[in-house]
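K.L.:
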Amino acid sequence: MTPTIVVQDVSRWYGEVVGLSGATLEVEPGVTGLLGPNGAGKSTLVRILSGQIRSSRGEVRVLGQPVWGNPALMRQLGYCPEAEAVYESWSALEFLQAMLALVGERGPDAKRRARAVLETVGLDPDDRKSMAAYSKGMRQRAKLGQALLHDPQILLLDEPLNGMDPVGRHHTMDLIVRLGQEGRTVLVSSHILHEIEAMTRRVALLHHGKVLAHGDVHEIRSWIEDRAHSIRLRCRDPHRLAARLIEVDDVAGVRFSTDPRLLFVETQRADRFFARLTELGLDPELGIDEVLPLDDDLQSVFNYLVR
Amino acid sequence: MHLPPIRLQLDPRHVVRAARFEWQLAWSRSRRRLAFLLYALPVGLGVGIVALHATGVITTLGSDALTGLVGAVYLQILLVIVPLVFGTGLVAQEAEARTLVYLLVRPLSRGSLLVGKFFGAWFAATLMLSASVLVTAGLLLGVDGFADAGPWVERLLRVFGVFALGTLAYGALFTFVGLVFARPALVGLAVAFGWETAIPFLPGSLRLFTVRHHLAAFLPSDLLPAALRVALSPPTPPMALAWLVVSAALLLGAAAVAFSRRDYV
Numbered sequence: 015m016t017p018t019i020v021v022q023d024v025s026r027w028y029g030e031v032v033g034l035s036g037a038t039l040e041v042e043p044g045v046t047g048l049l050g051p052n053g054a055g056k057s058t059l060v061r062i063l064s065g066q067i068r069s070s071r072g073e074v075r076v077l078g079q080p081v082w083g084n085p086a087l088m089r090q091l092g093y094c095p096e097a098e099a100v101y102e103s104w105s106a107l108e109f110l111q112a113m114l115a116l117v118g119e120r121g122p123d124a125k126r127r128a129r130a131v132l133e134t135v136g137l138d139p140d141d142r143k144s145m146a147a148y149s150k151g152m153r154q155r156a157k158l159g160q161a162l163l164h165d166p167q168i169l170l171l172d173e174p175l176n177g178m179d180p181v182g183r184h185h186t187m188d189l190i191v192r193l194g195q196e197g198r199t200v201l202v203s204s205h206i207l208h209e210i211e212a213m214t215r216r217v218a219l220l221h222h223g224k225v226l227a228h229g230d231v232h233e234i235r236s237w238i239e240d241r242a243h244s245i246r247l248r249c250r251d252p253h254r255l256a257a258r259l260i261e262v263d264d265v266a267g268v269r270f271s272t273d274p275r276l277l278f279v280e281t282q283r284a285d286r287f288f289a290r291l292t293e294l295g296l297d298p299e300l301g302i303d304e305v306l307p308l309d310d311d312l313q314s315v316f317n318y319l320v321r
Numbered sequence: 005m006h007l008p009p010i011r012l013q014l015d016p017r018h019v020v021r022a023a024r025f026e027w028q029l030a031w032s033r034s035r036r037r038l039a040f041l042l043y044a045l046p047v048g049l050g051v052g053i054v055a056l057h058a059t060g061v062i063t064t065l066g067s068d069a070l071t072g073l074v075g076a077v078y079l080q081i082l083l084v085i086v087p088l089v090f091g092t093g094l095v096a097q098e099a100e101a102r103t104l105v106y107l108l109v110r111p112l113s114r115g116s117l118l119v120g121k122f123f124g125a126w127f128a129a130t131l132m133l134s135a136s137v138l139v140t141a142g143l144l145l146g147v148d149g150f151a152d153a154g155p156w157v158e159r160l161l162r163v164f165g166v167f168a169l170g171t172l173a174y175g176a177l178f179t180f181v182g183l184v185f186a187r188p189a190l191v192g193l194a195v196a197f198g199w200e201t202a203i204p205f206l207p208g209s210l211r212l213f214t215v216r217h218h219l220a221a222f223l224p225s226d227l228l229p230a231a232l233r234v235a236l237s238p239p240t241p242p243m244a245l246a247w248l249v250v251s252a253a254l255l256l257g258a259a260a261v262a263f264s265r266r267d268y269v
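Sequence order for the protein chains is A and B.
Numbered per the working numbering, the first sequence spans residues 15 to 321.
Numbered per the working numbering, the second sequence spans residues 5 to 269.
(1) Taking the alpha helix (DSSP H) that proline 122 of chain A falls in, what are its first and last residues?
(2) Would you say glutamine 66 of chain A lies against chain B (beta-carbon separation less than 9 Å)?
(3) When you compare only the Cα positions, how much space is there between isoleucine 270 of chain A and tryptophan 82 of chain A?
(4) Express the C-alpha separation of serine 34 of chain B and proline 307 of chain A in angstroms, rounding to a whole number.
(5) Any beta carbon from chain A within less than 9 Å of glutamine 28 of chain B's own beta carbon?
(6) For arginine 24 of chain B, return the contacting residues in chain A, with the cut-off set at a CB-CB distance below 8 Å.
(7) From B:Pro238, B:Gly208 and B:Ala39, pick the residue whose C-alpha is nearest to that of leucine 133 of chain B; which is it?
(8) Report the partner residues of leucine 39 of chain A according to the DSSP bridge assignment.
(9) Which partner residues of glutamine 79 of chain A appear in the DSSP bridge assignment?
(10) Please specify which runs of the beta strand (DSSP E), each continuous and at least 3 residues long, are wholly inside the region 201-270 of chain A, giving them in chain order.
(11) Taking the C-alpha atoms as reference points, what is the distance between serine 11 of chain A and leucine 34 of chain A?
(12) Using a Cβ-Cβ cut-off of 9 Å, state whether alanine 39 of chain B counts as contacting chain A.
(13) So what's glycine 13 of chain A in DSSP terms, helix, strand or just coil?
(14) Show which residues of chain A have a CB atom less than 7 Å away from the CB atom of leucine 12 of chain B.
(15) Quick check on this structure: which residue in B:Val137, B:Leu143, B:Phe222 and B:Leu118 has the alpha carbon closest to the alpha carbon of leucine 255 of chain B?
(16) By the criterion of Cβ-Cβ separation under 9 Å, what are the contact partners of methionine 88 of chain A in chain B?
(17) Please tell me whether serine 264 of chain B has its Cβ less than 9 Å away from any Cβ of chain A.
(18) Among B:Thr201, B:Leu228, B:Val147 and B:Leu83, whose alpha-carbon lies nearest the alpha-carbon of isoleucine 62 of chain B?
(19) Given that a residue counts as buried once 16 or more other Cβ atoms are within 10 Å of its Cβ, and exposed if not, what is glycine 78 of chain A?
(20) Is there a Cβ from chain B that is less than 9 Å from the Cβ of glutamate 102 of chain A?
(21) Nearest chain B C-beta to proline 85 of chain A closer than 9 Å, yes or no?
(22) Measure the Cβ-Cβ separation of aspartate 285 of chain A and serine 244 of chain A and say whether it is below 9 Å.
(23) Within this structure, are the beta carbons of valine 161 of chain B and valine 249 of chain B separated by less than 9 Å?
(24) Classify lysine 143 of chain A: buried if its beta carbon has 16 or more other beta carbons within 10 angstroms, exposed otherwise.
(25) Inspect the beta-carbon positions of glutamate 98 of chain A and lysine 157 of chain A and report whether they are closer than 9 Å.
(26) When DSSP labels each residue in this structure, what does proline 298 of chain A get in the three-state scheme?
(27) What does the Cβ neighbour count give for glutamate 209 of chain A, buried or exposed, with the cut at 16 atoms within 10 Å?
(28) Give me the Cα-Cα distance between glutamate 304 of chain A and valine 315 of chain A, rounded to the nearest whole angstrom.
(29) Contact check, valine 45 of chain A vs isoleucine 190 of chain A under 8 Å by CB: the rounded distance?
(30) Tell me which residues of the region 67-87 of chain B have at least one Cβ-Cβ distance to chain A shorter than 8 Å, keeping chain order.
(31) Alpha helix (DSSP H) containing phenylalanine 90 of chain B: first to last residue?
(32) Does chain A have any CB closer than 9 Å to the CB of alanine 221 of chain B?
(33) Between the C-alpha atoms of valine 337 of chain A and alanine 37 of chain A, what's the straight-line distance to the nearest angstrom?
(34) Would you say threonine 171 of chain B and proline 87 of chain B are within 9 Å of each other, going by their C-beta atoms?
(35) Hey, how far is the Cα of arginine 126 of chain A from the Cα of threonine 292 of chain A?
(36) Identify which residue in B:Val184, B:Arg110 and B:Val74 has its Cα closest to the Cα of alanine 143 of chain B.
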């Protein structure tokens, strides 16, 4: 698939502080998680991609076009900022209508569009109270609404789930997944791993301004050869299975549990191990009925990469 | 840092959209409070004068009081303070409130956005100043039973024109100051109440570089402070108009370029 966002060796300095350092990344349509702890450079990257700030070095292209000083591109780009600021004295409907008017859409059609978007993000279009009275979660929805208003092809969402209640979080995550399934490019930044994991397997991991890795989280895990993979196996006879497993050098160690049906295995060669496990799985005496990789989740991958 | 060249992009349709947006914002609740404080001040003074007149404490004619208020409060203070507030705050207010980002990610060039916002704010300020002086005039001329209302019609029309030109020129100047200086309010105050009031002491053609010198071309002399009346030899109205409009255009253009090049982190 052709990447819609290309970031090539991009750096950004704020005086002597490094915000982004030689970041290179390609993002394809669908949902991609931009993951990293606070201060990793996620917001800097998203601001560069949305044309608010320039890169100090390197090149950024969105839909094949440069971003900085290219207002026409903004028709295809929606951005939800991290800050919870909104126009406090307006209602959400007034806010969205004002944003639509800025792109030349006014009148009843624009009002209909604004109302529909508010419903999509889970806000009541008939709610006339000013956004000053909104909770953080409601502001997040209004902010997300203004990003979706003009039906953009590219969505840059900076920590869109911050401050949302569980219901709002679930609703918004579903919406983001749906937007990705519609073929849009959705880049969602977050410092919360399980949020990203619930929306996509495709991630870019940022740390200290660098892109440590990007791609499918399973693939990234498989690149980390120097770390043993931990796997939990549930079977009829863990001792017999352990004896069969340690015959070959792809297993670094085994560990038994207080649960008599569980066995924990560590391997450096996950591909070879799983190939062999498939063969062993055919042996009815071993009775393997569950294989669970314990550390190819995002948290483990992230921990391995940053340590 | 690598600075790609920026052309000043101005699209009249985009300017109009941004102007409408700023106009709408000018009437929002948060802005109305400050506007009320500014524009209600001379009206409040007018009410005070009417009350003192009614109780016999003062016997000044209403039209004389109006001349004093227009000259001292509207032309000397508000005509400078109002553009100072809207000019320096045009971008800074939105940047501080962190709402500027919503405008920067719309398909409008930054030049169009700034110029449009400027004209929206300028139009709102001129209208509110004019409305305020109209209310004050109604109050004070009413004291004399509107006996001097006739001559004041022409004088007020001139004052409205000076409001429009003054807020345009000062507004452009303070918008530029707001985008170029780190402490725009301080610089703006120094310009407004230092440079601009120093006209009588400025040698030769230096006074051409003040707004007040050109505005004087459109005002009856009794609306000017005594010091200025002596010191000024105002240019002809067409020359003053050309100076004000051209300098406003240049300052606004420079402000738009500064805005287009600047990062808002």
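For each residue, glycine too, the CB sits at the ideal point set by N, CA and C.
Since we're looking at a predicted model, the values are computed, not measured.
P.N.:
Reading it off the structure:
(1) That run of the alpha helix (DSSP H) goes 121-134.
(2) Yes, because at least one Cβ of chain B sits closer than 9 Å to the Cβ of glutamine 66 of chain A.
(3) The amino acid occupying residue 270 of chain A in the given sequence is phenylalanine; isoleucine does not appear at that position. If you take the alpha carbons of phenylalanine 270 of chain A and tryptophan 82 of chain A, they lie about 57 Å apart.
(4) The C-alpha of serine 34 of chain B is placed about 55 Å away from the C-alpha of proline 307 of chain A.
(5) Interface residue, yes.
(6) Neighbours of arginine 24 of chain B in chain A, taken as residues whose beta carbon is under 8 Å from its own, are Ala115 in chain order.
(7) When only C-alpha atoms are compared, the closest one is B:Ala39.
(8) Looking at the DSSP assignment, leucine 39 of chain A forms a beta bridge with A:Val21.
(9) In DSSP, glutamine 79 of chain A forms a bridge with A:Val76.
(10) Uninterrupted beta strand (DSSP E) stretches at least 3 residues long and entirely within the region 201-270 of chain A occur at 216-221, 224-230, 243-248 and 265-270, given in chain order.
(11) In the structure as shown, chain A begins at 15 and stops at 321. Residue 11 of chain A is therefore absent and cannot be evaluated.
(12) For alanine 39 of chain B, the answer is no, since every Cβ of chain A falls outside 9 Å of its Cβ.
(13) Because residue 13 of chain A is not part of the residues shown, which for chain A are 15 to 321, the question remains open.
(14) Neighbours of leucine 12 of chain B across chain A, judged by C-beta separation under 7 Å, do not exist; the nearest C-beta is about 11 Å away.
(15) Distances from the CA of leucine 255 of chain B to each of B:Val137, B:Leu143, B:Phe222 and B:Leu118 were compared; the closest alpha carbon is that of B:Leu118.
(16) What methionine 88 of chain A touches in chain B: Leu108, Val109, Arg110, Pro111 and Leu112.
(17) Chain A contact via Cβ: present.
(18) Considering only alpha carbons, the answer is B:Val147.
(19) Taking all protein chains shown into account, glycine 78 of chain A has fewer than 16 neighbouring C-beta atoms within 10 Å of its C-beta and is therefore exposed.
(20) Closer than 9 Å to some Cβ of chain B, the Cβ of glutamate 102 of chain A qualifies, so yes.
(21) With 9 Å as the cut-off, proline 85 of chain A counts as an interface residue toward chain B.
(22) With respect to the 9 Å criterion, aspartate 285 of chain A and serine 244 of chain A are not classified as neighbours on the basis of their beta carbons.
(23) First, the residue type needs correcting, since residue 161 of chain B is leucine and not valine in the sequence shown. Contact: no.
(24) Classification for lysine 143 of chain A: exposed.
(25) Going by C-beta atoms, glutamate 98 of chain A is nearer than 9 Å to lysine 157 of chain A.
(26) Proline 298 of chain A falls in the coil class under three-state DSSP.
(27) By the 10 Å Cβ count, glutamate 209 of chain A comes out buried.
(28) Between glutamate 304 of chain A and valine 315 of chain A, the C-alpha separation is close to 22 Å.
(29) Cβ-Cβ separation between valine 45 of chain A and isoleucine 190 of chain A: approximately 6 Å, consistent with a contact (criterion under 8 Å).
(30) Of all residues in the region 67-87 of chain B, none places a beta-carbon less than 8 Å from a beta-carbon of chain A.
(31) Secondary structure note for phenylalanine 90 of chain B: its alpha helix (DSSP H) is the uninterrupted segment 83-101.
(32) No, alanine 221 of chain B lies away from the interface with chain A (no Cβ there is under 9 Å from its Cβ).
(33) No information on residue 337 of chain A is available, as it lies outside the stretch 15 to 321 that chain A covers here.
(34) Yes. Within cutoff.
(35) Answer to the nearest angstrom: the Cα atoms are 56 Å apart.
(36) The sequence given here places leucine at residue 143 of chain B; alanine does not occur at that position. Ranking B:Val184, B:Arg110 and B:Val74 by Cα distance to leucine 143 of chain B puts B:Val74 first.
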